[in-house]
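>
As structure tokens, then:
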């Protein structure tokens, strides 16, 4: 996640810089060509430009809204994971009779959220799990497709084996289901990209529109064409790029939902709850980016 | 579901190719006609084109949003089914005393999601159920309208017959209700198409708009009319087509929610939970499409 | 609910035919008048037409979205009713000790959904209730304002009187509350029309806009005015009409949520669950309309 | 709530009549002034008018959507109150052993919804409470800030004091929480007006826009300026006014959510459930308005 | 939160005054320059202005909607906190056997909401906690990262230690989870700013657009350029500013969700529920602003 204050001009130029340079070159080429062949030039009239512009805006506006909704849902699901982890820890410490088991449940939940982060980012979780789970359990997890889900099931078994009152077991079952639901939602976003029509078409149309732009503007704008047309193209390209950035929130990119920071935060809260002297600090941003 | 990377140019041309060729032919015909009868031609002025364009955009934009919302709700309901299946399996294995019954409940849930997939795609489920359910139960299901619902009810009876503590039965009842709700939501989307006014009118108006387009543009664009008017028509036809693709997510088409992959995924997770050596692999995409 | 395939051209003409004919007549009259008095004619310039057009589009677009949201919420609430009915029946058959009482609960729920359908469509429910409820209960219902709610309360009493374990009673209480909530939501939509400002103003403004349209177009379009102006008017009138159709989903009109089919479907599912040989078939569409 | 059929022309003129007359006067003044000083007049060109028009439309469209969302959420929360009241009454009558206490709970809930209505409309509730609650309780309520909340808490205490099974107490606790949530949501809407930027700016900009309109139109429209500019202004002023009407739904105005009718409806349903001969009739609209 | 009636002209000028003055100066400079160099001036034609205007409107409209959604979600979460606090207090007083403990739970919840307010506004909570919590607990809280969460966990332990019936403990667990969820949602909004692309780009583009505006208008507007262009710029700058104000609702600014008033309100309600003579009054607005 990019933090406020970082998006200075250098970053923005880096952001859409490459297509912008190409666009500027094309705009200059069209203008130069126009001066050379002016007499036989037939203007590309303004009407379709406006029409195309509004149709492209419909695509981009829809895509933008949808991409942001995916990103924000991903963030909200991690928020739900934070809440459910706290609730699970609080219930374990207050409702389970055996404090040892309660602490084990809390530690398992810490291992779980780290495993889930690695799972969503398609990284191997073994380094994170070492020391957090018993070695033989880590061993068994190697054959399993969905590692966090397997950890979670075993946490449930740990709680059930305490012989706690069924009522309180039912309360735990609800919290465990909340955790399952949050994980399932994250996997849904991860595994279901924005339908390709929404991903590919806006890109094609926006780029095509930027190519047509100087053709339509050169007759009225003359030498100012590269300026006017590059500025307008910048707006549309930036709108396109924002959608690209936001649509996949678990890709280990700078626009990701900050999973590392969130899982560290859960770990600190849960260990604070256990009263452990963990010495952990919240994740700090690197170059203005929180991972 | 079309996977990223597949929507190359060939696919896109295939996508709106046929109407586009017809559109191009019409645009050329209008332009040719205009050159022949130019003197008596009366321009179709630009004002109504813009007006029509924005009215058509209102239709298409609404339809697009709604069709995507249906698709995404369908996907979300399957996500809820994944979550509830995992929760049901976890609760069965941890809360039911008899491990045999628990395994039977898990296997029944696997049969259920396959039956639901066939039910939504209007296919006969018997091949999928063979070997997954007892032969006599499959027999009895032949007379029933809603096969997955009948399987689900029997799973509920299996759990209730264990004589488990009422509290835990109530926990199961909630998970079973979640499954019912997800199935009901899917049937709602399947059985209630987008109101026909939203399906038919945008199609009529978009095609009509594409027919009028060259008439309005030919006077200003001249020989460039086929280009300008086909490009603009392409945008509008593509917007129309996207809505068509997304609105019905359970039709066994390439834009479907990937039911086969989802049900296979549930089966793998649940069998992993039982510790079975199932040898199943996630469904792989065929030609860039995940079914 | 109009089924796909029915909205052929004849239906569409029927749909906005009458206002369209009036519109065409007005457009022709304006054009004819313009030819007679051309010299003293002062054009109605294009600027306000575009301005009015976009303001009218804001109204229609908002109304369209809202009307569809009402319709879809009505459909979703009936979906919730389907789910809750199945859950109630399943819980009755698996959790109640006395199979006789369970069957009575299921039959009562069938009577309830039929009564609710009649209640929403402001029809008398007595024919539907005859034979489904004991005669003396039907008798007592005559004095009651909200018949389905009274049936529902008595179902609750029937379940409570079984002396079932409080835990399971609580599970039933939740399902019964879901049913109450769905009914309450339907009554909300039924009793609260779209605020009149949204119902009346768009109609006034759209019709007014259609009247002004030929005045603004006649100078540029000349003899083509009736064509151009009627086509544009058609789009706006159709947008207006769609909103009218969708906004009230329980009016016994062809655009209704298909209550008859839904309640029949619930009845079949519930009787299948009881193992009854009911011989009922799903409701078939009549002339392409599912009621 | 204004009922369908009432919004006739007279009502609409009353609705935006005053600003419309002022607008017309201004439009005429501008036109007259233009005829007098025509030679030195410099047109206010059309470009900024269109630009301003679309910017104002962004404001109005956003505000409209938000205001309606507030109104509809208010209505939905009252729908939830209807549902929860019925559920509370049904549970009281079926799950509490002592019918006397059950009836007292139902009567208290009736008093509660009336008190809540008065609370939201900032009216004193004492007339409504007299006879519905014991005199000494009404006495004690005089010192309390939030009267309905205090009544509600005491209802909870009444139920808890019955010594009912904890499971059923938990079921009641959930319904009581639903009621709390609905009340809290209503208070949120009541106490949190639309942010002032959204309330004040659109008003300023719309009025400013209406003032500039004739200046921009007079050159092209000439003597028709007052007509064209007043019609366009009417649309924008009406859009502004709709937002004003809808944004605060508990103000004892004609656009209110019909609290009086809703609370009466709850009272009838609950008394019907008790089998009382109450003789109450649903609230009838007065002059087409349901309060 | 700014209260109705305060946003008078002075406040508005203060609001966007500074950029507006700069804008006006720039508009005047462009116009003056145009008069001096008129012969060699080449107009910046209107087409890109309109195109840019609509692209900028897409950004601003999206950002506006999103910023308001964040603000309203923040308000709704605090509404949920009000509801859950009341429910917790009501349940404590009616379901816990020991009135002393119940009162302690209520007092702890008051301390909790004050601590949460300070936590969200990044202020030290110690003054608020003094006297509300035992001194030794406040001591221990100094080492903890998330103070309100730690208070909340201890409240849960207080309730669990009463040895209450597990059923009722489960009811408390649900309310405590609701409180956790509300807090988690607030932290999500606090810690996750609007993605920087949405925060920075609209600002750049809006300011850039305002700079280009007089260049495009000066040829047609002449001496009226500063007026027309400043008015149009005002609308766009105001739209930009509204988004800025609303997007971060916990910053101790005048547009904040009124946390001080909300927490005071919770304290009054809860103390009224205990029957304490607290003498607290609702927070009054200062200069039309409710903090």
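Residue numbers (the numbering used here), protein chains in the order written: chain A, 6 to 296; chain B, 6 to 296; chain C, 6 to 296; chain D, 6 to 296; chain E, 6 to 296. Where is the CB? At the ideal position from N, CA and C, for every residue including glycine. Only a predicted model underlies this, so the values are computations on that prediction, with no experimental measurement involved.
Tell me, please, whether the CB atom of residue 164 of chain C is closer than 7 Å to any CB atom in chain B?
no
> Using a C-beta to C-beta distance shorter than 9 Å, which residues of chain A count as neighbours of residue 197 of chain E?
6, 77, 80, 84, 262, 263
> Would you give the residue range spanned by the alpha helix (DSSP H) that residue 166 of chain C belongs to?
Run containing residue 166 of chain C: none; DSSP gives neither H nor E here.
> Entirely within the region 75-123 of chain E and at least 4 residues each: give me those alpha helix (DSSP H) ranges in chain order.
none
> Hey, is residue 193 of chain B's beta-carbon within less than 7 Å of any beta-carbon in chain C?
yes
> Just how far apart, CA to CA, sit residue 134 of chain D and residue 273 of chain D?
Rounded to the nearest angstrom, the two C-alpha atoms are 17 Å apart.
> Note down the Cα distance separating residue 252 of chain A from residue 84 of chain B, rounded to an integer number of angstroms.
Spanning the alpha carbons of residue 252 of chain A and residue 84 of chain B requires a straight line of approximately 18 Å.
> Whose Cβ in chain D lies nearer than 9 Å to the Cβ of residue 167 of chain E?
Chain D residues near residue 167 of chain E: none, gap ~13 Å exceeds 9 Å.
> Residues in the region 223-241 of chain E with C-beta within 8 Å of chain D's C-beta atoms, listed in sequence order?
Taking 8 Å as the Cβ-Cβ cut-off against chain D, the residues of the region 223-241 of chain E that qualify are 225, 226, 227, 228, 229, 233, 234, 236, 237, 240, 241.
> I need the DSSP call for residue 256 of chain B, collapsed to helix, strand or coil.
In the three-state reduction of the DSSP assignment, residue 256 of chain B falls in the coil class.
> Report the residue from D:259, D:249, D:209 whose alpha carbon sits nearest the alpha carbon of residue 236 of chain E.
D:209
> Name the two residues that bound the continuous alpha helix (DSSP H) containing residue 289 of chain C.
Run containing residue 289 of chain C: none; DSSP gives neither H nor E here.
> Would DSSP call residue 272 of chain D helix, strand or coil?
helix
> Return the chain-ordered list of same chain residues with a C-beta closer than 8 Å to the C-beta of residue 182 of chain A, the five sequence neighbours on each side being excluded.
none
> Classify residue 119 of chain E: buried if its beta carbon has 16 or more other beta carbons within 10 angstroms, exposed otherwise.
buried
> Using DSSP with H/G/I as helix, E/B as strand and the rest coil, what is residue 142 of chain A?
Here residue 142 of chain A sits in helix by DSSP.
> Spell out whether any CB of chain E is found under 7 Å from the CB atom of residue 252 of chain D.
no
> Taking residue 111 of chain B and residue 102 of chain B to be in contact with their CB atoms under 8 Å, please state how far apart those CB atoms are, rounded to whole angstroms.
That pair is no contact at about 15 Å.
> Please compile the residues from chain E whose C-beta is within a distance smaller than 8 Å of the C-beta of residue 326 of chain D.
Outside the shown range of chain D, which is 6 to 296, sits residue 326 of chain D, and nothing can be said about it.
> What residues from chain H crowd round residue 53 of chain E, counting only those whose CB sits closer than 8 Å?
Reference to chain H is not applicable here, since the protein chains of this structure are A, B, C, D and E.
> Tell me the residue span of the alpha helix (DSSP H) that contains residue 132 of chain E.
131-134
> Taking the alpha carbon of residue 289 of chain D as the point to measure from, which residue in D:278, D:263, D:275, D:282 has its own alpha carbon closest?
D:263
> At a CB-CB cut-off below 7 Å, which residues of chain D make contact with residue 91 of chain E?
154, 185
> Mark residue 77 of chain E as exposed unless 16 or more other C-beta atoms lie within 10 angstroms of its C-beta, in which case mark it buried.
By the neighbour-count rule (16 or more Cβ atoms within 10 Å), residue 77 of chain E is buried.
> Please go through the same chain and pick out, in chain order, the residues whose beta-carbon is closer than 7 Å to the beta-carbon of residue 116 of chain C, but skip the five residues on each side of it.
134, 137, 138, 156
> Report the rounded CA-to-CA distance for residue 161 of chain A versus residue 95 of chain B, giving the unit in angstroms.
The straight-line gap from Cα to Cα measures roughly 7 Å.
> Compare the C-beta of residue 243 of chain A with all C-beta atoms of chain E and state if any pair is closer than 7 Å.
yes
> Ignoring anything shorter than 3 residues, give me the beta strand (DSSP E) runs that lie fully in the region 179-225 of chain B, in order along the chain.
none
> What does the alpha-carbon distance come out to for the pair residue 184 of chain C and residue 176 of chain C?
13 Å
> So is residue 66 of chain C in contact with chain B if we call contact Cβ pairs under 7 Å?
Chain B, which has a Cβ nearer than 7 Å to the Cβ of residue 66 of chain C, makes this yes.
> Going by Cα to Cα distance, which pick from A:66, A:266, A:39 is closest to residue 197 of chain E?
A:266
> Measuring CB to CB, does residue 293 of chain E end up less than 7 Å from residue 8 of chain E?
yes
> Could you tell me whether the region 147-154 of chain B touches the region 60-78 of chain B, using the rule of 3 or more Cβ pairs below 8 Å?
As far as the Cβ criterion goes, the region 147-154 of chain B does not touch the region 60-78 of chain B, which means the pair count is below three.
> Among the candidates A:244, A:227, A:31, A:54, whose CA atom is the shortest distance from the CA of residue 4 of chain E?
Shown here, chain E extends from 6 to 296; a query on residue 4 of chain E therefore has no answer.
> Output yes or no for whether 7 Å exceeds the beta carbon distance between residue 194 of chain C and residue 79 of chain C.
yes
> Kindly list, in the order they appear in chain A, the residues whose Cβ is closer than 8 Å to that of residue 62 of chain B.
59, 60, 63
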